[in-house]
Each structure stands twice: as C-alpha cells, then as structure tokens.
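Q: I am attaching a structure below and will ask some questions about it afterwards.
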Amino acid sequence: MRTTVAEQLPPLRGREQEQQALGALIDGAREGRSAVLVVRGEAGIGKTALLEDAAARAEGLRVLRGTGLEAEAELPFAGLQLLLSPALDRLPGLPDPQREALSAALGLGPGGREPMLTGLAVLSLLTEYADGSGLLVVVDDAQWLDRASRDALLFAARRLRAEGVVMVFGVRDGEGTFEAVGLTERRLTGLSPEAAAALLDEHDLTPAVRYRLLAEAHGNPLALRELPLAMAAEATPDLAAGALPLTDRLRLAFHGRISRLPEATRTLLTVLATDESGEPAVILRASASLGAGIDDLAPAEAADLLRPDSGTSITFRHPLIRAAVYQRAPLGQRLAAHRALAEALDAPEQSDRRAWHLASAALGPDAEVADALERTAVRARERGGHTAAAAAYDRAARLSDGPEDRTRRQALAAQASLESGDVERAGELARRTAREVSSESLRAGLSQVQALAKFWQGEFPEAHRLLIDAAASIAADDPEQAAGMLVQAIHTGWYLGEPELTEVLKRLGDLRLTDEPAVAPVVRFLGRLFDSGPGTPLSLTETLAEIRSRGEVSDQVLLILCGVALARGQDGPAFDLAVSLAARHRAAGAAGRLPTVLFFAAEADIFTGRLTDARTATVEARDLARDTGQQQWVRQLSSVLAHLDALRGDEAECRAHADLGLEGDTPGSIAPGAPWAHWSLGLLDLGAGRAESALSRFERLTKVPFSHHICATRSIPDLVEAAVRLGAPDRAAAPFAKLAGWAESVGQPWAEALVLRCRALLDDDHAEDLYIRALAIHDREARPIEFARTALLYGEWLRRARRKSEARTHLTEALEVFDRLDLRPWAERARHELSAAGAPAADPSGARTTATGLTPQELQIVRLAAEGLSNRDIAAQLFLSHRTVGYHLYKAYPKLGVTSRGELKGIAAQLH
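Reading the sequence shown from the start, the letters are residues 4 to 915 in the numbering used here.
Okay, here's the thing in structure tokens:
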C-alpha cells in the first residue's frame, strides 16, 4: 500500500482547524477555484510546519515553494527567482510584453517594464503552470521578501479568480513587512493545553519544570520542543527564569547549542548565516578561504541545526537559528564572512550580491564599493526594483568619499524611494539632501520630491506650498522648469480650493516663458480655467496638436489637461484623451496608472449618459486601485459609483459608496471623493423628492473648498430644480448666474440648453418658450439624460397647465430614456405624471436591454469577445488570467441567451 507524503511527516498537534481550512482551499483548487491565505504568527508558533503540511497534502496539484530571505531583501526580484524557477519552462507561452517584463525582472533578458506588468506576468505564469490540474504556491517568511517580489506576488494574488491556484503566505510578527490589505488572513496562536502537554511528553521532565514550561511557552511549539533540550544541556538563569521575551530565550537556547560546536563548524555557519542563499558552491568556497570545509557541516547536522535537503541548498532548520548564529559571531568574524563571500561571488550575474557584501564589510568611505553599489542601483531601477535601487543609492551615498557624489546619490535615492512608494523615506531623504546642495535647480527638484511625498501622505497644503516656493526660486533662471512645477501645483491646488488655484494661474501667467517649450500651450490652456462670460474658448484638441509640434509632456500633465478640459465642458476631447492614455497604459501593462484615466473616462461617460460604460470603467478602475494599493482612488471612485447608484435610486448602495468617498479628509483639505459624494447624495434626495435635503447638499458644493470642482458646476441645474421645488428660487440665483457665465464662456450647445432649462424653472411666465428652445438644442442621442430631464420638466409644466395631450408626448419621450437607462426615480416620476395626464399604465420592464443582469466585468469581457479578441488578448487588457476570462464568459452566456462565442457578434450592438 502506497504511503503518501503527508503520512511521512510527523503529525501536527493542535492544528486541526487550520489543516481543515487549508484542505478546503486545496480541494477548491482541484475544482478550478482560486484562493489566497496569509498565515501570521510569532516566531516558532508553527507557520512553517503548517505550510509544509499543506504542501504535503496537495496531492495531484503542482507545488511551488519560496522563502523570503532577510539577506536578499535589497535584491530586486530575488524572492520571485527562487519561487518561480521550476515554472520557467512556461515562460515562452506568455504574451510577448509579459514574457519580456518577467524575463527582465528575473535577469533573463534586457530592459525593464512597468512593475504591475511583471505582476500580471506572474499571474499568467502561475495560470499556465497550474495547467488545469491546480497549483499550490507556498511562500514562507514572506515578511523578508524584497519589495519588487512582494508587490508582484500580491498583485497576482489579488487578481486570482478561477485559475485553480491557491497562494499561502507565512508571515512572522514583529519583523520585516508584508501588508496584505484585502486578503484573507489567519492568525496562529498557541497550542491548546492538551496539545502543548502532548508535545512535552516527548521529554523526560520533572513535574515542576513541566508546569513552568507549559506556563511560560504559551503554547509555542518551538519553545515546547527546544527549551527542554536547552535547559537539560545548560540550565542558565536566562533560560529558566522567564525574564526575557520568548523569542530571545529561544535564541539563547540555540546560542548554547552553537557554542558547543567546533570552531570550524561555527565559521561555516557564520558564512551561511551571512549569505542565507544556501548555494553550496558559494558557501563552501567562501568558507574554504576562512579555513572551513564541507566536512565541518557534520557537527551542525548532528546538532539538528540544519534542514535535511536534496543537496541543492544548505539551510538552517529555523530562521531563529540563523539569527542566533549571526548575532553571536564577533564583529570581526562577520566582516570576514562578508569579505569572503564577496570574493566567492565573482560571476557577472552575482555582481549585485557581491556589491552588498562589500558594502557590509566596509568600515568607512570607499569609492570603489560606492561605484559598485550605484551600478547595482541602476540595474535594479531598470528592472523595476525601485525599493532596491533606493537602498543601493542610499548606501552608496554613505560610502562616497566626496560631497558631490554623496549628495548626487542621496538625490537619486530620494527619487527612487518616491518611485517605490516609500513616500516617508523619499521626503526625509529629499529634505536632508536639500540642505547640503548649492544648486538652486537641484534644490528645487528635491523640493518637488518632498512635495510629491507630502501629497501622497495626504498633506496637500504642505505639498502645495513646497511646489509654489520651489517654482518661485527658479522662475527667473529656468522658467520652463518652474512652469512644470506650477502645472503640478494645479493638481495639489485642486484639493485645496479656488483661491489656491487662482494664485497658481497668476504665477503661471507671470512666467517669462517663450513659446518654444511643449509646456507653453499647456500654460495657455490652463490659464482659461476660470473664464466666465463671452469669449473664444481654447480647444483641447488644438492644444494637444500644439504640444506635439513642440515635443512632448508627461502623462501627468496630460491628465491635468484632461481634468481641466472636463471643467471647461470639452467632454468629447477629454474622453478621447483619457481613452488614448488608457490604451497606452494597457499596452505597457501600467495597471497602477489606469485608475486615474478611467476616472476621467467615467466622468465623461456620466455627463453624456453612457451609464453602463461609466459603471464598467469605474468598477474596473476601483478594483485596480484596490489591487495596486491606491486607497485614495478606491475612495474617489466609490463616490462616482454613488452617483450611478443615485441615478437608479439605489439608496443603500449610494450611501455606502458615498460614505467611503467621504473618508480621507485631512486638515486644510477635503477628501478627494467628497465633491462626487455630495453631488450623489443630493441627487439621491432629489430623485426621492427630498428637496430640502438635496438643496443643502448642492449648496455645499457652491462654497470653498468645493466651488471650483467639476461637480460644483455640473450640479447647478440640480440645485436650481431643488430650489424651485422647495419654493425658494432666490437660493438658486447666485449659482445660476455662475452657471450662465460658465456656459457662455465654454460655448457648448448642451450647456446653453441647461441654462435655458434653468431659466424656464426660474421664470414661469416665459417657461414654455425657454423649454422649447432648450429641447431644440439638446442632443437626444449624445446626451439623452439631460434631454429627458428637460422633457420631463416641460411635460410636468404642460400637465399643470391642463394641456394633457401635449404633456403626454414629452413625458412619454422622457420615460423611454429613463427606462432604457434604468433611471428608476425619474421613470417613476414620469409614470406618475403620465397617469395624471390620462395615459394608460406603462410596463416598466419593457425597455430593458440585452446586457441587463451582467456584472460590469462580465459586460466588459463580453464586449471584447464580441469584437473578436481571444481570451488571452482580453486577459492582457484587463489584467486577469485567461482562465478567469473564460469563467466570466461561461457565466455570461446564459444571461445573454447565447451558447457560444460566435453568437456574440450578432448581439454586439445591444451590448452598448
């Protein structure tokens, strides 16, 4: 009878619930379901044993194992290389951009790509390796993973759906970092008294010692196994008294065992603890230069300090043993081990590890080592390992023997820290370096890094001040660089208020900027932000053409142009720019940049009545923001979803999304999602007939710090309607005047139609003429919601004038739009009015579309499939696995009444 791997392992005591939970996940993988679990706990609590048990029980599944190594925490993608090496034969099957990105990350090819493209490549590789039969990925000591590996694995973990892949991470408390927001976590605590007692049964202990160990070990399995052995060998006061924390006492226990080993064995173990990679050739070569050889491993193996392995690596049985070896070694021995390892790592592909060992052995400035570390930083940055690059630049700066090299490298470290997302360190490095430089231009650049760090920490006023002051310091000598900083200050000022933006625009206008730089047309376009009254508006389309004729600007500047274009009523060109940027980011695999551009695309979709597209874009953007750790955008996009909920009258969802959007305000600035949240809640109240509450919400948007926001302007027609319904038209006078001036300056027919509708509400004597003129200007196809709302108001006016036949015509037109777009509150209002006008009751279900019932992601996938894209093409665009795409299509077919992909082309038009 065959013995399974699980049956060969010693039994786990007291972990039956955890084993059952992991077993359920593994069973799910066999059936094609994916899952992620993060197992946390203190040192020695049994995380490694639980993970090994899970791997042993995963019969029929492929298994990938990896371990975070503290010594390699500064080497980009080191953890990923260790984990994925058995699966690299599947690399050729990945789409070209993903294959190139992952190859570059793992040092198998040239170049570097967007970090999230590497994460997508990891997801695709895991899917391919699972091969339909299931895959278990086990990563122990994940707190020591290098940042690049951690980010790629977490991105893949958050995008898992239906690949049959289970990922389990073991994380030790109190050391390193492994933030897994949104992933399922399970905390391991001490064993039950019964299980703990069973472990102690393995030792011959007096009742008094047994009682004390049970009390002091708190159910920690490693303590229950090791402390009795240590106390029997060497009963020191520190071990027995319980005066030290448990982890320190375990280290002391291992110290005692290590100290009894021969000197050559201790030397070899010091080398092993110093490098931690466990590569036999490197460890033995370095040890040989210090007088130790392979035979000196035997005493350590006999002392049960090393893990039995296949011979491909030499590893300690537990991380605490490694810590005990390294900490007990005198400084001179540790330095000697680093030097020996540097000499042993002489292959070109080992140059990064060599540089770090040389740096660890340096006792003072060393220009040669600093140069080697800078080359390491450059390589890390090219591969997308910005955290590793920042660490290498910073260490190189400390080893520099001249002030010029030191400050240059510190500035590079600050920039790399910012790129890695470590904004606190970036700001501190930039601030410290700025005090040491004499160049005004470099100091201004460092202030810009500080400003961005402050911005991403939510300190908008301070970020804004830093940009303004930095631009002022170089405005005379370098107006082009100053213009770039002031354009960035438009972004920070947007979160503060109209006075701050007005100051930025004035400073931009005062710059002595020639017409040659690409930023010049940008400055002109931005300068028209607060125009009001007659005038010829500047076109975004023409501005972009002017930029291209002069060169190029950053994507961030293009995004600012996109936002300002929406503020100036140029919805079509702004949407086109957002879509083109989104396509560029999808092609580059820049998942982290998509939430911003999709936000602008969704805004334009809402303004033009493409509500299904708006929800699809917003949900995708929110999910990508969540999976890439951009909580600010999660909140802001939630407030856009609140608006869509309000339009269809879903009160519970609207309030939940709005509440999330209102989170994140800081002293001196509003929550980024607050404008959309307030508009959404006001619209919800207006649709429900709560005019007083709605008006209060809308009025809040007319005041600083909201008054300059797009929502403040676009919500004024709602404010006017609420004020008139409440019988307080005077409360709409000032906002309406602002709307009228804005509409005159932007020169858009649809804006003029909204002004006419508002005038009709405010001037009942001339209402009919104003409504008729508004309806004549409205574009029923391009902006159906505004047309329908004007038709509804006119129909209500006609019904009150007892002109019921005419009223029914306009109310029916309005109802058709409201039903088609699922605007339930307005549809009910139109039905009520139609009934009052003598029309028969209408069936509210008659206008639902083919796509009704699809989730936003299903709709997005079905649309792309209808265009002829393969599952793999769709997966690459949406940052999913191809199996997840197939899963969503399988779920969508019955909802659409089709049975195959080929039938989707026949209903493609109904999917929009």
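Don't be surprised by glycine CBs; every beta carbon is placed ideally from N, CA and C.
Please check the pair G179 and G222, which I expect to be a contact at CB under 8 Å, by giving their CB distance rounded to whole angstroms.
A: For the purposes of this step, residue 179 is taken as the residue at position 176 of the sequence shown. For the purposes of this step, residue 222 is taken as the residue at position 219 of the sequence shown. Distance from G179 to G222 at the Cβ level is roughly 24 Å; contact not present, criterion being Cβ atoms closer than 8 Å.
Q: Let me make sure I understand the geometry here. Which of L826, P464, G566 has the alpha-carbon closest to that of L916?
A: As shown, the chain starts at 4 and ends at 915. That puts residue 916 outside it, with no answer to give.
Q: Kindly indicate which three-state DSSP category L647 falls into: helix, strand or coil?
A: Within the sequence shown, numbered from 1, the residue matching residue 647 stands at position 644. DSSP places L647 in helix when its eight states are reduced to three.
Q: Where does T621 fall in DSSP's three states?
A: By one-based count along the sequence shown, residue 621 stands at place 618. DSSP places T621 in helix when its eight states are reduced to three.
Q: Which residues mark the beginning and the end of the beta strand (DSSP E) in which T70 is found?
A: For the purposes of this step, residue 70 is taken as residue 67 along the sequence shown, with counting starting at 1. Counting along the chain, the beta strand (DSSP E) containing T70 begins and ends at 65 to 70.
Q: By the 10 Å Cβ neighbour count, where 16 or more other Cβ atoms means buried, how is D204 classified, buried or exposed?
A: By 1-based counting over the sequence shown, the position of residue 204 is 201. Exposed, because fewer than 16 other Cβ atoms sit within 10 Å of the Cβ of D204.
Q: Do V184 and R269 have their C-beta atoms within less than 9 Å of each other?
A: Stepping through the sequence shown from its first residue, residue 184 is reached at position 181. Stepping through the sequence shown from its first residue, residue 269 is reached at position 266. No, the pair does not count as a contact, with Cβ atoms beyond the cut-off.
Q: For G44, list the residues DSSP reports as bridge partners.
A: Your numbering for residue 44 matches position 41 in the sequence shown. DSSP output for G44 lists R175 as bridge partner(s).
Q: Between the C-alpha atoms of S557 and K807, what's the straight-line distance to the nearest angstrom?
A: Here residue 557 refers to the residue found at position 554 of the sequence shown. Here residue 807 refers to the residue found at position 804 of the sequence shown. So the alpha carbons of these two residues sit roughly 57 Å apart.
Q: Tell me where the alpha helix (DSSP H) around L511 begins and ends.
A: Residue 511 sits at position 508 when you count from the first residue of the sequence shown. Where L511 is concerned, the enclosing alpha helix (DSSP H) stretches over 501 to 513.
Q: In whole angstroms, give me the CA-to-CA distance for R60 and L163.
A: Here the question's residue 60 lines up with position 57 in the sequence shown. Here the question's residue 163 lines up with position 160 in the sequence shown. Answer to the nearest angstrom: the Cα atoms are 22 Å apart.
Q: Would you mind working out which of V140, G871, R875 sits nearest S903, comparing C-alpha positions?
A: By 1-based counting over the sequence shown, the position of residue 903 is 900. If we check each option's Cα against that of S903, G871 comes out closest.
Q: Between which two residues does the beta strand (DSSP E) harbouring R2 extend?
A: Here the chain comprises residues numbered 4 to 915, so residue 2 is not present and cannot be evaluated.
Q: I'd like to know whether the C-beta atoms of S535 and W745 end up nearer to each other than 9 Å.
A: Residue mapping note: residue 535 aligns to position 532 of the sequence shown, counting from 1. Residue mapping note: residue 745 aligns to position 742 of the sequence shown, counting from 1. For S535 and W745, yes; Cβs fall inside 9 Å.
Q: If contacts are defined as beta-carbon pairs under 8 Å, then P368 and S403 qualify, I think. What distance do you get, rounded to the angstrom?
A: The residue labelled residue 368 in the question sits at position 365 within the sequence shown. The residue labelled residue 403 in the question sits at position 400 within the sequence shown. Right, the Cβ-Cβ distance comes to about 6 Å (below 8 Å), so this counts as a contact.
Q: Assuming D176 and R320 make a contact with CB atoms under 8 Å, what is their CB distance in whole Å?
A: Within the sequence shown, numbered from 1, the residue matching residue 176 stands at position 173. Within the sequence shown, numbered from 1, the residue matching residue 320 stands at position 317. Rounded, the Cβ-Cβ distance is 20 Å, inconsistent with contact.
Q: With DSSP collapsed to three states, give me the class of L308.
A: Looking up residue 308 in the sequence shown gives position 305. It is coil, neither helix nor strand.
Q: How many Å lie between P79 and P524 at the Cα?
A: For the purposes of this step, residue 79 is identified with residue 76 of the sequence shown, where counting begins at 1. For the purposes of this step, residue 524 is identified with residue 521 of the sequence shown, where counting begins at 1. One C-alpha to the other measures close to 40 Å.
Q: Going by other Cβ atoms of all chains shown within 10 Å of its Cβ, with 16 needed for buried, is A370 buried or exposed?
A: On the sequence shown, position 367 is the one that residue 370 refers to. By the 10 Å Cβ count, A370 comes out exposed.
Q: Here's the rule I'm using: 16 or more other beta-carbon atoms within 10 Å means buried, otherwise exposed. How should P406 be labelled?
A: If you number the sequence shown from 1, residue 406 lands on position 403. Looking at its Cβ environment, which holds fewer than 16 other Cβ atoms inside 10 Å, P406 is exposed.
Q: Let me confirm a value: A27 is counted as buried when at least 16 other C-beta atoms fall within 10 Å, else exposed. Which label applies?
A: For this step, residue 27 is matched to residue 24 along the sequence shown. The residue in question, A27, is exposed, as its Cβ has fewer than 16 Cβ neighbours within 10 Å.
Q: Given this structure, state the Cα-to-Cα distance separating G47 from W147, to the nearest angstrom.
A: Residue mapping note: residue 47 aligns to position 44 of the sequence shown, counting from 1. Residue mapping note: residue 147 aligns to position 144 of the sequence shown, counting from 1. Straight-line Cα distance between these residues: approximately 16 Å.
Q: Between the alpha carbons of S710 and I775, how many angstroms are there, rounded?
A: Residue numbering aside, residue 710 sits at position 707 when the sequence shown is read from its first letter. Residue numbering aside, residue 775 sits at position 772 when the sequence shown is read from its first letter. About 30 Å.
Q: Helix, strand or coil for A674, going by three-state DSSP, please let me know.
A: Here the question's residue 674 lines up with position 671 in the sequence shown. Residue state, collapsed to three classes: coil.
Q: Confirm, please, whether the CB-CB distance from L64 to R33 is below 9 Å.
A: Start at 1 with the first residue of the sequence shown, and residue 33 comes out as number 30. Start at 1 with the first residue of the sequence shown, and residue 64 comes out as number 61. Yes, the Cβ-Cβ distance between R33 and L64 is below 9 Å.
Q: What does V168 pair with, by DSSP beta-bridge criteria?
A: Working through the sequence shown from its first residue, we reach residue 168 at position 165. DSSP, once it has assigned bridges, lists L138 as partnering V168.
Q: Pull up the distance between the alpha-carbon of L511 and that of E45, whole angstroms please.
A: In the sequence shown, counting from the first residue as 1, residue 511 sits at position 508. In the sequence shown, counting from the first residue as 1, residue 45 sits at position 42. Cα to Cα, L511 sits roughly 55 Å from E45.
Q: Let me know the secondary structure DSSP gives D143 once reduced to three states.
A: For the purposes of this step, residue 143 is identified with residue 140 of the sequence shown, where counting begins at 1. DSSP places D143 in strand when its eight states are reduced to three.
Q: Go ahead and pull the three-state DSSP assignment for F319.
A: Against the sequence shown, residue 319 aligns to sequence position 316. In the structure shown, F319 sits in a strand (DSSP, three-state: E or B).
Q: When you compare each of E55, A736, E131, K741 to A878 by their alpha carbons, which one comes out closest?
A: What you label residue 878 is simply residue 875 of the sequence shown in a count that begins at 1. With distances taken between Cα atoms, A878 lies closest to E131.
Q: Compare the beta carbon distance of M170 and L85 with 9 Å and say whether it is the shorter of the two.
A: By one-based count along the sequence shown, residue 170 stands at place 167. By one-based count along the sequence shown, residue 85 stands at place 82. It is not a contact, given that the beta carbons lie outside the stated cut-off.
Q: Looking at C-alpha atoms only, which residue of A343, I550, T631, G500 is the closest neighbour of D518?
A: In the sequence shown, counting from the first residue as 1, residue 518 sits at position 515. For D518, the nearest C-alpha among the options comes from I550.
Q: Is Q23 near G592, with beta carbons less than 9 Å apart?
A: Position 20 of the sequence shown, counted from the start, is the residue given in the question as residue 23. Position 589 of the sequence shown, counted from the start, is the residue given in the question as residue 592. Not in contact: Q23 and G592 (Cβ atoms no closer than 9 Å).
Q: Count the other CB atoms within 10 Å of the CB of L908; is the residue buried (16 or more) or exposed (fewer)?
A: Translated into the one-based positions of the sequence shown, residue 908 becomes position 905. In the sequence as presented, Leu is not what sits at residue 908; that position holds Lys. Burial is judged here by how many other beta carbons sit within 10 angstroms of a residue's own beta carbon; K908 has fewer than 16 and is exposed.
Q: Check the C-beta distance from A474 over to L489 and give it rounded, since I have them as a contact under 8 Å.
A: Counting from one through the sequence shown, the residue named residue 474 turns up at place 471. Counting from one through the sequence shown, the residue named residue 489 turns up at place 486. Their Cβ separation, rounded to whole angstroms, is 5 Å, which keeps A474 and L489 in contact under 8 Å.
Q: Just the C-alpha distance for D616 and G900, rounded to the nearest angstrom, thanks.
A: Translated into positions along the sequence shown, residue 616 becomes position 613. Translated into positions along the sequence shown, residue 900 becomes position 897. Going from the Cα of D616 to the Cα of G900 covers about 21 Å.
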